[in-house]
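Residues 7 to 180 in the numbering used here are what the sequence shown lists, from first letter to last. Beta carbons: idealized from backbone N, C-alpha and C, even for Gly.
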Amino acid sequence: MRQSVPSFVEMLNSARSTAVHLELRDQYSVAEETAELAKWHRGEAVDVDPDSEYWSGWSDLVRRTVARGVQVRRARVVSVPVTDYVRYEHHITSVNLAIGEDVRWLPRSEASGLALPGNDFWLVDGRAVRFNLFDGPGAALDPQYSEDPVVVGLCANAFEAVWERGVEHEKFAV
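Structure follows, in structure tokens:
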């Protein structure tokens, strides 16, 4: 029997000390971002107000998590030169920082010696991992979940290795 996959809300609400997110793709095609990404491509201003309606769900969740004393970190492994999507993502990262996340970027060329899982993930308290799966163009697929200590250990080690080598958001130029 397949284990049910907790939502982001359930995952972050369950966090007691850490919630880390590793992103490994250069392109995502997430439906919720389509309009903002199109505006950005046209050179129009995009929403980077963490208190706006667009961001409120995520902002509220992360702020509540951080307020409980949970450290929220996000690391992104990206190809350089970066894709247009990563440029957009870099631009909107000001929201992540404003709500209490720490963010680092690692050029893919500097990750060659690291053992990385095949998919993006959220890892909570070093005990549970939610894998975010995507198709080739970047559309979201059904996620996976594991509490297997071997899988969790791989993800914890991968995240820390990327974090250690990563560049702080403010110092990472696109």
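Contact set for residue i: own chain, Cβ-Cβ below 6 Å, skip 5 residues either direction
i           : result
residue 46  : 52 and 94
residue 178 : 111
residue 29  : 82 and 126
residue 26  : 79, 129 and 165
residue 22  : 131
Residue i to residue j span [Cα, whole Å]
i           : j           : result
residue 76  : residue 122 : 24 Å
residue 79  : residue 142 : 26 Å
residue 104 : residue 171 : 23 Å
residue 85  : residue 43  : 19 Å
residue 70  : residue 155 : 27 Å
residue 89  : residue 180 : 9 Å
residue 109 : residue 99  : 8 Å
residue 7   : residue 149 : In this predicted model, residue 7 has a pLDDT of only 43, less than 50, meaning its place in the structure is not dependable; the value taken from the coordinates is given anyway. Whole-angstrom Cα-Cα distance: 16 Å.
residue 168 : residue 17  : 22 Å
residue 106 : residue 67  : 11 Å
Residue burial classification, residue i (beta-carbon count within 10 angstroms, cutoff 16)
i           : result
residue 65  : buried
residue 41  : exposed
residue 36  : exposed
residue 147 : exposed
residue 73  : exposed
residue 145 : exposed
residue 97  : exposed
Distance cut-off 7 Å: residue i Cβ against heavy atoms of the ligand HEM
i          : result
residue 46 : This structure lacks the ligand HEM, and indeed carries no ligand of any kind.
Residue-chain proximity (residue i, chain C), Cβ-Cβ < 8 Å
i          : result
residue 52 : Here there is only one protein chain, and chain C is not present.
Contacting residues, own chain, Cβ-Cβ under 7 Å from residue i (five flanking each side not counted)
i           : result
residue 153 : 133 and 134
Close Cβ partners of residue i (< 8 Å) along its chain, the five nearest in sequence each way excluded
i           : result
residue 233 : Any answer about residue 233 is impossible in this case: the structure gives the chain only from 7 up to 180.
Handout entry: At least 3 beta-carbon pairs within less than 8 Å: the stretch 56-63 vs the stretch 115-125
Key = No: the two stretches stay apart, fewer than three of their Cβ pairs being nearer than 8 Å.
Problem - Runs of beta strand (DSSP E) wholly within the stretch 99-169 (minimum 3 residues, chain order) - result: Runs of the beta strand (DSSP E) spanning 3 or more residues and lying entirely within the stretch 99-169 occur at 108-113, 126-130, 134-138 and 150-152, in chain order.
Exercise for the section: Let me know the alpha helix (DSSP H) ranges lying completely inside the stretch 40-109, each 4 residues or longer, listed in chain order. Expected result: The stretch 40-109 contains these whole alpha helix (DSSP H) runs: 40-47, 59-73 and 90-104.
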